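Note sheet for the following structure.
Protein chains: 2
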Amino acid sequence: MGEHQPESIDDETLYKVSQIFKALSEPTRIKIMYVLNKGEHSVNQIAETLGMLQSTVSHQLRVLKNLRLVKFRREGTTIYYSADDEHVFKMMEQTIEHARHN
Amino acid sequence: MGEHQPESIDDETLYKVSQIFKALSEPTRIKIMYVLNKGEHSVNQIAETLGMLQSTVSHQLRVLKNLRLVKFRREGTTIYYSADDEHVFKMMEQTIEHARHN
DNA sequence: TCAATATATGAACATATATTCATGAAATAA
DNA sequence: TTATTTCATGAATATATGTTCATATATTGA
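Going line by line, the protein sequences match chains A and B. The first sequence: position 95 = 1040 (the working numbering), numbered continuously. The second sequence: position 71 = 1016 (the working numbering), numbered continuously.
Structural data, given as structure tokens:
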């Protein structure tokens, strides 16, 4: 809090930041995050809600999972995903507000 | 402020949001924004600072310009670019902080 | 007009990735 | 074990885009 911007950004941080933005740069993944922000959903539930193939959702969930933007728990053969990071969603909301008013 | 998340996100907003995130998903463009946040820079100044070709910077500035993330003014044959949106940079800082602590 | 400087742009190439289809893997129940 | 359900994964294809090179455009000054 209250920190000033460093003169330069180290390569590792730069890469991480770019990856997070990239993860949120595809409508499919934004939609998935939007669904998950309402609460836990299984892969099939997400696919049904969004009218997408199970495979498509699973592939994209992997991207979000690798960046720890979503977490999951297993219950039998079903896997429930949920948002792992409130902070990231606040960032999304900010951007959504920005997009709506521009 | 204080608004709740809408049930769904309209396609136009969704597209805009994805475009903004996409613009910030490339290290080159993040670096450019990082330089511009320190103040006005010409295209050549940015290229020299970052050790990139003028053409590369110009191409990427066009992307940022189209999304109104940067603004510019002409002075003779020189064009000075600067960040157009403090809001977006705050979002970047949030993400940078997030990336640093994860 | 002509030269010099700064920036923009078009084409080409290489690379990245989203989606689909087919199939594999894991857990459960009979 | 076998069948069923749910999810993950690999291959293939199409598409998008970042960078480079060459060149065009715009402004200024002589």
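From the three backbone atoms N, C-alpha and C, an ideal C-beta is built for every residue, glycine too. All values reported here derive from a predicted model rather than from experimental measurement.
Determine whether the Cβ of residue 1016 (chain A) lies closer than 8 Å to any Cβ atom of chain B.
-> Residue mapping note: residue 1016 (chain A) aligns to position 71 of the first sequence, counting from 1. So no, residue 1016 (chain A) is outside the interface.
Quick one: does residue 962 (chain B) have its CB under 8 Å from some CB of chain A?
-> Within the second sequence, numbered from 1, the residue matching residue 962 (chain B) stands at position 17. It does; some Cβ of chain A falls within 8 Å.
Of all the CB atoms in chain B, is at least one closer than 8 Å to the CB of residue 992 (chain A)?
-> Locating residue 992 (chain A) in the first sequence gives position 47, where the first residue counts as 1. So, not an interface residue.
Are at least three pairs of beta-carbons, each pair with one atom in the region 1003 to 1011 of chain A and one in the region 971 to 979 of chain B, less than 8 Å apart?
-> no
Determine the extent of the alpha helix (DSSP H) in which residue 1007 (chain B) is found, giving its start and end residues.
-> Sequence index remark: in the second sequence, residue 1007 (chain B) carries index 62 (1-based). Element bounds for residue 1007 (chain B): 999 to 1011.
Chain-ordered chain A contacts of residue 1005 (chain B) [CB-CB under 9 Å] = For the purposes of this step, residue 1005 (chain B) is taken as residue 60 along the second sequence, with counting starting at 1. Against residue 1005 (chain B), chain A offers no close residue; the least beta-carbon distance is about 13 Å (beta-carbon pairs closer than 9 Å).
Is the Cβ of residue 947 (chain A) closer than 8 Å to any Cβ of chain B?
-> Here the question's residue 947 (chain A) lines up with position 2 in the first sequence. Model confidence at residue 947 (chain A) stands at a pLDDT of 46, short of 50, so the residue's coordinates are unreliable; what they give is reported in the following sentence. Chain B contact via Cβ: absent.
In the DSSP assignment, what residue or residues form a beta bridge with residue 968 (chain A)?
-> Residue numbering aside, residue 968 (chain A) sits at position 23 when the first sequence is read from its first letter. Answer by DSSP bridge pairing: none, since residue 968 (chain A) is not bridged.
Sequence-distant residues of its chain with Cβ nearer than 7 Å to residue 999 (chain B) (five each side left out) = Counting from one through the second sequence, the residue named residue 999 (chain B) turns up at place 54. Excluding residues within five positions, the ones whose Cβ falls inside 7 Å are 988, 989 and 992.
Is the Cβ-Cβ distance between residue 1044 (chain B) and residue 982 (chain B) less than 8 Å?
-> Mapped onto the second sequence, residue 1044 (chain B) falls at position 99. Mapped onto the second sequence, residue 982 (chain B) falls at position 37. No, the Cβ-Cβ distance between residue 1044 (chain B) and residue 982 (chain B) is not below 8 Å.
Could you list which residues in chain A have their beta carbon closer than 7 Å to that of residue 979 (chain B), in chain order?
-> Position 34 of the second sequence, counting from 1, holds the residue named residue 979 (chain B). Simply 954.
Check whether the Cβ atoms of residue 966 (chain A) and residue 970 (chain B) lie closer than 8 Å to each other.
-> Position 21 of the first sequence holds residue 966 (chain A). Position 25 of the second sequence holds residue 970 (chain B). In this structure, residue 970 (chain B) lies closer than 8 Å to residue 966 (chain A) by Cβ.
What do you get for residue 1046 (chain A), buried or exposed, if any count of 16 or more other CB atoms within 10 angstroms of its CB means buried?
-> Here residue 1046 (chain A) refers to the residue found at position 101 of the first sequence. Looking at its Cβ environment, which holds fewer than 16 other Cβ atoms inside 10 Å, residue 1046 (chain A) is exposed.
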